[in-house]
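To keep things clear, I will list the structure first and then write my remarks on it.
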Amino acid sequence: MAAAGAAKATAAAAASPVFRSNQELTRLARSGQLAAARRLFDSMPRRNTVTYNAMLSALARHGRIDEARALFDGMPSRNAVSWNAMIAACSDHGRVADARSLFDAMPGRDDFSWTLMVSCYARAGELDLARDVLDRMPGGKCTACYNAMISGYAKNGRFDDAVKLLKEMPAPDLVSWNSVLAGLTQSGEMVRAVQFFDEMVEKDKVSWNLMLEGFVRAGDLDGASTFFARIESPNVISWVTLLNGYCRAGSIGDARELFDRMPERNIVAWNVMLEGYVRLARIKEACKLFEEMPDKNSISWTTIISGLTRAGKLQEAKDLLDKMPFNCVAAKTALMHGYLQSKMIGDARQIFDGIEVRDAVCWNTMISGYVQCGMLEEAMLLFQQMPNKDTVSWNTMIAGYAQGGQMRKAVGIFRRMNRRNTVSWNSVISGFVQNGLFVDALHHFMLMRRNTTRADWSTYASCLSACANLAALQVGRQFHSLLVRSGHINDSFAGNALISTYAKCGRILEAKQIFDEMVGKDIVSWNALIDGYASNGHGTEAISVFREMEAKKIRPDEVTFIGILSACSHAGLIDEGLKFFNSMEKEYSLKPVAEHYACMADLLGRAGRLNEAFELVQGMQIKPNAGMWGALLGACRLYKNDELAQLAAEKLFELEPHKTSNYVLLSNISAEAGKWDEAEKARASIKEKGVHKPPGLAGST
DNA sequence: TATGCGTAGT
Numbered sequence: 001m002a003a004a005g006a007a008k009a010t011a012a013a014a015a016s017p018v019f020r021s022n023q024e025l026t027r028l029a030r031s032g033q034l035a036a037a038r039r040l041f042d043s044m045p046r047r048n049t050v051t052y053n054a055m056l057s058a059l060a061r062h063g064r065i066d067e068a069r070a071l072f073d074g075m076p077s078r079n080a081v082s083w084n085a086m087i088a089a090c091s092d093h094g095r096v097a098d099a100r101s102l103f104d105a106m107p108g109r110d111d112f113s114w115t116l117m118v119s120c121y122a123r124a125g126e127l128d129l130a131r132d133v134l135d136r137m138p139g140g141k142c143t144a145c146y147n148a149m150i151s152g153y154a155k156n157g158r159f160d161d162a163v164k165l166l167k168e169m170p171a172p173d174l175v176s177w178n179s180v181l182a183g184l185t186q187s188g189e190m191v192r193a194v195q196f197f198d199e200m201v202e203k204d205k206v207s208w209n210l211m212l213e214g215f216v217r218a219g220d221l222d223g224a225s226t227f228f229a230r231i232e233s234p235n236v237i238s239w240v241t242l243l244n245g246y247c248r249a250g251s252i253g254d255a256r257e258l259f260d261r262m263p264e265r266n267i268v269a270w271n272v273m274l275e276g277y278v279r280l281a282r283i284k285e286a287c288k289l290f291e292e293m294p295d296k297n298s299i300s301w302t303t304i305i306s307g308l309t310r311a312g313k314l315q316e317a318k319d320l321l322d323k324m325p326f327n328c329v330a331a332k333t334a335l336m337h338g339y340l341q342s343k344m345i346g347d348a349r350q351i352f353d354g355i356e357v358r359d360a361v362c363w364n365t366m367i368s369g370y371v372q373c374g375m376l377e378e379a380m381l382l383f384q385q386m387p388n389k390d391t392v393s394w395n396t397m398i399a400g401y402a403q404g405g406q407m408r409k410a411v412g413i414f415r416r417m418n419r420r421n422t423v424s425w426n427s428v429i430s431g432f433v434q435n436g437l438f439v440d441a442l443h444h445f446m447l448m449r450r451n452t453t454r455a456d457w458s459t460y461a462s463c464l465s466a467c468a469n470l471a472a473l474q475v476g477r478q479f480h481s482l483l484v485r486s487g488h489i490n491d492s493f494a495g496n497a498l499i500s501t502y503a504k505c506g507r508i509l510e511a512k513q514i515f516d517e518m519v520g521k522d523i524v525s526w527n528a529l530i531d532g533y534a535s536n537g538h539g540t541e542a543i544s545v546f547r548e549m550e551a552k553k554i555r556p557d558e559v560t561f562i563g564i565l566s567a568c569s570h571a572g573l574i575d576e577g578l579k580f581f582n583s584m585e586k587e588y589s590l591k592p593v594a595e596h597y598a599c600m601a602d603l604l605g606r607a608g609r610l611n612e613a614f615e616l617v618q619g620m621q622i623k624p625n626a627g628m629w630g631a632l633l634g635a636c637r638l639y640k641n642d643e644l645a646q647l648a649a650e651k652l653f654e655l656e657p658h659k660t661s662n663y664v665l666l667s668n669i670s671a672e673a674g675k676w677d678e679a680e681k682a683r684a685s686i687k688e689k690g691v692h693k694p695p696g697l698a699g700s701t
């Protein structure tokens, strides 16, 4: 009788308006329609705890943690689910301390709460703290809680601890086994994974799919397809995993064949296939597939719109977007991004303004678009208007000001940041380097270490560049050993920076040694070595490195030629230099740019072939820049050709009217030629034209 | 109807 009464009550509850609205709220939240969910929430005349909980996790799912917290704090009554949802929200966004204080303050902790806290610590890499929570769980550890800990160990490479805990469990389930397996396959430990998989007493589809994913991740597509054939009845995830493997490897033919063989295709399968085409810029096939898709969700729309914009078909993307039957911020942002890449700021802004509820990616895309166009004031205005700035927003502004030479503002923003990550530190450090403030760069590296923020290849590359510019050999050596210890020595970026550093400190032999030991040499490594030889006056060695490149069929790029031409110039190898210069376009279809012409002007000028140098510069397709005229002016001084000097100087004055040293140089040349009037005239123009040192800058200009 | 541990897509 009691059961019948309860059933009646449940039926009555299910029929109630609050219950039905709650269901709808959950449905909207799960399909990603946050704006609609919030509208419904706001319009509900009566709400219960479930209503608040549903809204809370909807906000959390969209990363709106602060709003979720405000809702939580203002809730009329909270149950365990409310607390757990709030803890989960903090955990999902790395707010470990907040999660912990909620956990501590929570009145009646249940299994969910303990599991969440273990998982939160484990995902933050705080395995000992996670273990502490697990061990303190009253009334026996629950299975999910054990599993969270096992997963934490396995995902952090502590496989032995994971297995040990698994063996201690009174009743491990499939999730326990699969957690260990996932750790192995996801960290590429395929040998151990195969062994573990064979030893598993019980396996389900997840186990098989994890193994399959492991083969795909390792790039072993043959192994993956063989393994796939062994799966008794592969489910959609198995099919999609292999399909995704083919797509990522660019084997679009195999992918399509597999796709056509699939017994049932869900939307993820369609999206993977679509993304496969888009990735290879096969836009026609992508559009055809998109048309054929039985269901399209926001990911499908985002993929096709970004495919069209990447193919430069902005109008088609816009037309298609106008037909989108629902509101998808990501797809609109993709079009915005396309406009911004093409510097169509107005069109991008129009899309931005038309988006009702913008997410952080949307804001950040627009801000970064302004930054890339050098419109820092507009970027800053938008940044200030942005309601929930994330780390990316802050980092974008820091990098923007740093690249724009406004280090004071960059540092100001950096100091005001709450949660700095590696990128934040890298942005200020590389900003200092780009603006010539090398000591500040190294100082901030020390602060970064004190802050225990992890350094990456980019950090090391910037710091090494600072060392190179300061010719700080000893500090450079310290970074070298840091690179070895942190395992970044095999990153080509860091290795390349190390080559340049040793070369710029005059240690070309050590540079060569790094180069020889490097595993993944790329074109930048070769260029760094050539440039190193060139700047140390070893022209012939630079050329022989170039010959080695040719022998190994490594294509030189524009930068290679800058190095090689300056090597010829320093070594006085005029004819070789001319030959290299001529081969650029003929043999490698590389168009010479300003820097190459400047090298040639320098090369011919140093050899005293001033007339040829002038002809070259004046016959260029591009407008000569100050560097070229400067090189010629220097050469004129060396060879005491004051007539040509006058010509070069005039051009230089036009381009750099405020640079004092140009006037001084011409004055000296004229004086050396005995033309005192000319010399005096040049000196006088410094005062006449109001040439002066810019205020606030020490040293000469 | 809302919250936790293991597998696929932007």
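Mind the numbering: the first sequence is residues 1 to 701 in UniProt numbering, read in order. For glycine and all other residues, C-beta sits at the position ideal for the given N, C-alpha and C. Here the structure is a predicted model, which means the values were calculated and not measured.
Beta-carbon within less than 7 angstroms of residue i's beta-carbon, same chain only, minus the 5 sequence neighbours each way: which residues are those?
i: E213; result: T185 and T241
i: H337; result: T309 and T365
i: G157; result: S187
i: G245; result: V216, L221 and A224
i: L102; result: W83, M86, I87 and C90
i: R419; result: T391
i: L321; result: I305, A331, K332 and L335
What distance in whole Å lies between the Cβ atoms of residue j and residue i, which are believed to be in contact at a cut-off of 8 angstroms?
i: C328; j: W301; result: 5 angstroms
i: S306; j: A334; result: 4 angstroms
i: T422; j: A455; result: 7 angstroms
i: L603; j: A626; result: That belief does not hold up - the Cβ atoms of L603 and A626 are roughly 18 angstroms apart, past 8 angstroms.
i: G572; j: A542; result: In fact, because the Cβ distance is near 13 angstroms, the residues do not count as touching under 8 angstroms.
i: L178; j: K205; result: Note that residue 178 is Asn in the sequence shown, not Leu. That belief does not hold up - the Cβ atoms of N178 and K205 are roughly 10 angstroms apart, past 8 angstroms.
i: I304; j: A286; result: 6 angstroms
i: Y460; j: A497; result: 7 angstroms
Counting C-beta neighbours from all protein chains within 10 Å, is the total for residue i 16 or more, i.e. buried, or is it exposed?
i: P325; result: exposed
i: A534; result: buried
i: V593; result: exposed
i: T540; result: exposed
i: I622; result: exposed
i: A601; result: buried
i: D531; result: buried
i: L28; result: buried
i: V272; result: buried
i: L447; result: exposed
i: T701; result: Confidence in T701 is poor, its pLDDT being 32 and thus under 50, which makes the residue's placement unreliable; the coordinate value appears in the next sentence. The residue is exposed, with fewer than 16 neighbouring Cβ atoms inside 10 Å.
i: P657; result: exposed
i: V371; result: buried
i: K296; result: buried
i: L652; result: buried
In this structure, how does DSSP classify residue i when only helix, strand and coil are distinguished?
i: V519; result: coil
i: A171; result: coil
i: L548; result: A small correction: the amino acid at residue 548 is Glu; Leu does not occupy that position in the sequence shown. In this structure, E548 counts as helix in the three-state DSSP scheme.
i: S43; result: helix
i: F19; result: helix
i: H538; result: coil
i: C505; result: coil
i: L280; result: coil
Near residue i, what residues of its chain come up, given a Cβ to Cβ distance below 6 angstroms and the 5 sequence neighbours on each side ignored?
i: A684; result: none
i: I65; result: A89 and H93
i: E67; result: L59
i: G699; result: Per-residue confidence for G699 stands at a pLDDT of 35, beneath the threshold of 50, marking its modelled position as unreliable; the derived number appears in the next sentence. Around G699: no qualifying Cβ.
i: G696; result: At G696, the pLDDT of 39 sits below 50, so the modelled position is not reliable; the number obtained from the coordinates is stated separately. Cβ within range, chain order: n/a, list empty.
i: E316; result: L308
Between residue i and the rest of its own chain, which residues show a CB-CB distance below 8 angstroms, the 5 nearest in sequence each way excluded?
i: G125; result: N156
i: Y597; result: L616, V617, M620, I622, P624 and M628
i: S427; result: N395, I398, A399, A402, A410 and F414
i: D110; result: A80 and N84
4 or more residues per run - each alpha helix (DSSP H) lying fully within the segment 577-626
594-606 and 610-618
Secondary structure, beta strand (DSSP E): runs of 3+ residues fully inside the segment 55-138:
none
What residue ranges within the UniProt repeat "PPR" (204-234) form continuous alpha helix (DSSP H) runs of no fewer than 4 residues, ordered along the chain?
205-217 and 221-230
Unbroken alpha helix (DSSP H) runs of length 4 or more, entirely within the UniProt repeat "PPR" (421-455): which are they?
422-434 and 438-450
For the UniProt repeat "PPR" (235-269), list the alpha helix (DSSP H) runs that are entirely contained and at least 4 residues long, ordered along the chain.
236-248 and 252-261
Please go through the UniProt repeat "PPR" (359-393) and give each complete beta strand (DSSP E) segment of 3 or more residues, from N-terminal end onward.
none
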